[in-house]
Amino acid sequence: MTNTSPATNTHYVPEDLPTHIQHYIDGQFVDSISGKTFDVLDPVSNGNYATAAAGQKEDIDRAVAAAREAFVNGPWPRMKPRERARVLNRIADAVEAQEDRLAELETFDTGLPTTQAKGQARRAAENFRFFADLVVAQFDDAMKVPGSQINYVNRKPIGVAGLITPWNTPFMLESWKLAPALATGNTVVLKPAEFTPLSASLWAQIFKDAGLPDGVFNLVNGLGEEAGDALVKHPDVPLISFTGETTTGQLIFRNAAENLKGLSMELGGKSPCVVFADADLDAALDSALFGVFSLNGERCTAGSRILVERAIYNEFCERYAARAKTIVVGDPHDPKTQVGALVHPEHYEKVASYVEIGKSEGRLLAGGGRPEHLPEGNYIAPTVFADVAPEARIFQEEIFGPVVAITPFDNDDEALALANNTKYGLAAYIWTQNLTRAHNFSQNVEAGMVWLNSHNVRDLRTPFGGVKASGLGHEGGYRSIDFYTDQQAVHITLGAVHTPKFGSVDDAASTEG
Ligand code: NAD
Numbered sequence: 001m002t003n004t005s006p007a008t009n010t011h012y013v014p015e016d017l018p019t020h021i022q023h024y025i026d027g028q029f030v031d032s033i034s035g036k037t038f039d040v041l042d043p044v045s046n047g048n049y050a051t052a053a054a055g056q057k058e059d060i061d062r063a064v065a066a067a068r069e070a071f072v073n074g075p076w077p078r079m080k081p082r083e084r085a086r087v088l089n090r091i092a093d094a095v096e097a098q099e100d101r102l103a104e105l106e107t108f109d110t111g112l113p114t115t116q117a118k119g120q121a122r123r124a125a126e127n128f129r130f131f132a133d134l135v136v137a138q139f140d141d142a143m144k145v146p147g148s149q150i151n152y153v154n155r156k157p158i159g160v161a162g163l164i165t166p167w168n169t170p171f172m173l174e175s176w177k178l179a180p181a182l183a184t185g186n187t188v189v190l191k192p193a194e195f196t197p198l199s200a201s202l203w204a205q206i207f208k209d210a211g212l213p214d215g216v217f218n219l220v221n222g223l224g225e226e227a228g229d230a231l232v233k234h235p236d237v238p239l240i241s242f243t244g245e246t247t248t249g250q251l252i253f254r255n256a257a258e259n260l261k262g263l264s265m266e267l268g269g270k271s272p273c274v275v276f277a278d279a280d281l282d283a284a285l286d287s288a289l290f291g292v293f294s295l296n297g298e299r300c301t302a303g304s305r306i307l308v309e310r311a312i313y314n315e316f317c318e319r320y321a322a323r324a325k326t327i328v329v330g331d332p333h334d335p336k337t338q339v340g341a342l343v344h345p346e347h348y349e350k351v352a353s354y355v356e357i358g359k360s361e362g363r364l365l366a367g368g369g370r371p372e373h374l375p376e377g378n379y380i381a382p383t384v385f386a387d388v389a390p391e392a393r394i395f396q397e398e399i400f401g402p403v404v405a406i407t408p409f410d411n412d413d414e415a416l417a418l419a420n421n422t423k424y425g426l427a428a429y430i431w432t433q434n435l436t437r438a439h440n441f442s443q444n445v446e447a448g449m450v451w452l453n454s455h456n457v458r459d460l461r462t463p464f465g466g467v468k469a470s471g472l473g474h475e476g477g478y479r480s481i482d483f484y485t486d487q488q489a490v491h492i493t494l495g496a497v498h499t500p501k502f503g504s505v506d507d508a509a510s511t512e513g
């Protein structure tokens, strides 16, 4: 079944790769106080190409102290939005100017196909421009009670934001948190994913060159249970923005409770792609393929359960599998490659184990394991299972790789029940020409985001987030501004103050509170 199209199987290594990746604290590149390190692999050879400083509690303490000092005594939180926006725009310029280098490093470290990594750099730059615009245009409410009171919202940055990010599209997802946190005047400590620390190390120089004051941005590498855990538990970090697995999110929730932190949780998904018989089938096929096989299937919003109306089920499965078999799998640096190498051997083992589970849960139509022409590296052929029952593990559990489950349905009610039949609720994709059905289905599907007759194209102003086990809170546009700021209410009396005169003989008539 692994007759996926060949691409080259070379091992491209970018020039000037660092052999050691450090933390960045208070404007300085530093190692862990303990000297501890961890190994970093590339997913094509699975060889160690670098070590990275392994942050411990004392390194997090140091980074938080720097960020706190920059927040309490530094200029950044007090700068005018326009001044901060200028810095953010310079950051965006620098990210765009380094697009090729960024894409090269991201591809090398994550195994993402280079053409898709380039898109990530552009999106990262756009995040900075977007939030630069937003804070300049930001205004807050004022509410008047005629003749007696005026109230207004004094929006303020909160303090040190802890940002914890995953390894899929790492640079872009970091920008998603860094841009609004910094735009609103906070200072930050970023803990990037340990599988992919390479591209994050570029932020330091980009920020320094753009004029971000020292201490505003701090980065601590390390394992989740060490550096991440210390950040979550630190009493001087009032906010944690986390993107990652649902189980990690649950643990962070518990650990953050002690200090009652503000939490934003972007978690896992198992999103349905629902194709009705009246859909534009060519467009639905393109989208259903791209939706699960782009970014190597390592995509939180992947449409990894495809639900297809019975009347077109056989035709859909046949055409889908034929296309999946010709997807180009290979060296992520080759511009022809459509599916590259999975990020890490541990993750490869997990995805491969689901492929084996799927063989007893569905009818294998394409893929089914390692492509024959790629004996080394973390490669899995795009794998398609049909006739998958809703109780199946490959229907219920997030695989986070190039594996898809296809299930038939007979009517709208059954389609909706199947779509909602998982613990997750991140995205849903719906393909139908029927306007009434499209809107009714969208409104009833349990998903934070719905795309109608479209693959995942996101306007940065829209809310981003999941329901059920896919997350808590929304980021995106003004919701990110809300998350990273306090809205203090200021009340001013306009006329005479009428306060009950407790303890005074004049108090008789004044009991109103
Ligand atoms: P993960 O949960 O294993 O790790 C994410 C981050 O959390 C890493 O930086 C890790 O070091 C850190 N971490 C781990 N344990 C921790 C702890 N105890 N305390 C603090 N930090 C800790 O996730 P992953 O495997 O890196 O990423 C894949 C997951 O992310 C998938 O489930 C995917 O759906 C999800 N994801 C969600 C979105 C979204 O927006 N909803 C976007 C991308 C990825």
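Anchor point for the sequence shown: position 473 equals 473 in the UniProt record's numbering, and the numbering is continuous, going up by one each time. Just so it is clear, CB atoms sit at the ideal spot from N, CA and C, and this is done for glycine as well.
Using a 10 angstroms sphere on the CB of residue 47, the tally of other CB atoms stays under 16, which defines it as exposed. Rounded to the nearest whole angstrom, the CA to CA distance from residue 343 to residue 454 is 27 Å. The three-state reading of DSSP puts residue 311 in helix, counting H, G and I together. By the neighbour-count criterion, in which a residue is buried when 16 or more other Cβ atoms sit within 10 angstroms of its Cβ, residue 266 is buried. Per DSSP, residue 390 is not a residue of any alpha helix (DSSP H), being assigned neither H nor E.
Distances from the CB of residue 166 to the heavy atoms of the ligand NAD include at least one below 7 Å. Residue 223 has its CB nearer than 7 Å to a heavy atom of the ligand NAD. Cβ neighbours of residue 258 within its own chain (closer than 8 Å, five residues either side excluded): 233. The C-beta separation of residue 221 from residue 21 comes to about 6 Å, placing the pair in contact by the 8 Å criterion. Residue 121 places its beta carbon 8 Å or farther from that of residue 92. Checking the 7 Å criterion, the Cβ of residue 317 is out of range of every heavy atom belonging to the ligand NAD. Shortest gap from the CB of residue 470 to any heavy atom of the ligand NAD: under 7 Å. Excluding the 5 residues flanking it on each side, residue 51 has same chain C-beta neighbours closer than 8 Å at 19, 20, 21, 37, 38, 39, 40, in chain order. CA-CA distance, residue 83 to residue 76, rounds to 9 Å. Excluding sequence positions up to five before and after residue 468, its CB lies within less than 7 Å of the CB of 423, 424, 425, 446, all in the same chain and listed in chain order. Distance from the Cα of residue 107 is smallest, within the candidate group 394, 199, 280, 475, for 199.
Here DSSP, grouped into helix, strand and coil, assigns residue 197 to coil. The Cβ neighbour count for residue 410, taken over all protein chains shown within 10 Å, is under 16; the residue is labelled exposed.
Its chain contains 274, 438, 441, 442, 450, 452 as the residues whose beta carbon lies nearer than 7 Å to that of residue 430, once the 5 sequence neighbours on both sides are disregarded; these appear in chain order.
DSSP assignment within the segment 153-234 yields the following whole alpha helix (DSSP H) runs of 4 residues or more, N-terminal first: 170-183, 202-210, 229-233. Three or more beta-carbon pairs separated by less than 8 Å link the segment 198-218 to the segment 182-189, which places the two stretches in contact. Annotated as distal: residue 339 and residue 43, with beta-carbon spacing of 8 Å or more. In this structure, residue 81 and residue 145 do not form a Cβ contact; the two beta carbons are roughly 29 Å apart against a cut-off of 8 Å. The ligand NAD has a heavy atom closer than 7 Å to the beta-carbon of residue 252. Contact between residue 168 and residue 299 holds: their C-beta atoms lie close to 7 Å from each other, under 8 Å. Scanning its chain for C-beta atoms nearer than 7 Å, with the 5 sequence neighbours on each side dropped, one finds around residue 210 the residues 87, 90, 91, 94, in chain order. By alpha-carbon distance to residue 370, the top candidate from 330, 396, 361, 357 is 330. Assignment of residue 461 by DSSP, reduced to helix, strand and coil, places it in the coil class. DSSP, read as helix, strand or coil, puts residue 118 in helix. Residue 271 and residue 388 have their C-alpha atoms spaced approximately 15 Å apart.
Excluding its 5 nearest sequence neighbours in each direction, residue 392 has C-beta neighbours in its own chain below 6 Å: 361, listed in chain order. Beta-bridge analysis with DSSP links residue 449 to 427.
At a cut-off of 7 Å, the beta-carbon of residue 229 counts as near the ligand NAD: some heavy atom of the ligand is closer than that. Per DSSP, residue 483 is one residue of the alpha helix (DSSP H) stretching across 478-483.
When the Cα atoms are used, residue 496 and residue 159 turn out to be separated by approximately 37 Å. Of the residues 383, 156, 126, the one whose Cα lies closest to the Cα of residue 490 is 156.
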